[in-house]
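Notes follow once the structure below has been shown.
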Amino acid sequence: MWQVLTQLGEGPGVQPLTRCHDRAVLLYEYVGKRIVDLQHTEVPDAYRGRGIAKHLAKAALDFVVEEDLKAHVTCWYIQKYVKENPLPQYLERLQP
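Our numbering numbers the first residue of the sequence shown as 464 and each following residue consecutively.
Next comes the structure, spelled out in structure tokens:
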């Protein structure tokens, strides 16, 4: 079982990928007081294909819902996740 650690509520989330070669990460940035841009997921090659990016996407979107934020999704993988999991609580929080 994977543990998803999120720091979405703790300030800027851009961490250089060069320091995260052994960690799966989701890059994001607050672009407004209540709007977060979900920018990119990155999973190390050795761990790809195990559903880790899916866990990152779900954790990020659940956080957006729980904190009553809006999300601008520029990450192609999270866009795909939302398309495959079109839950109303996700869809109503998406920004174009």
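Ideal Cβ positions, reconstructed from N, Cα and C, are used throughout, including at glycine.
Keep in mind the model is a prediction, meaning the values are calculated, not measured.
Within the same chain, and ignoring the five residues on either side of residue 485 in sequence, the residues whose Cβ sits closer than 7 Å to its Cβ are 507. Excluding the 5 residues flanking it on each side, residue 503 has same chain C-beta neighbours closer than 6 Å at 490 and 538, in chain order. According to the DSSP secondary-structure assignment, residue 558 is paired through a beta bridge with 535.
Looking at the DSSP output, residue 545 sits in no beta bridge, so it has no partner there. Between the beta-carbon of residue 557 and that of residue 534 there is about 6 Å, and that keeps the pair under the 8 Å contact cut.
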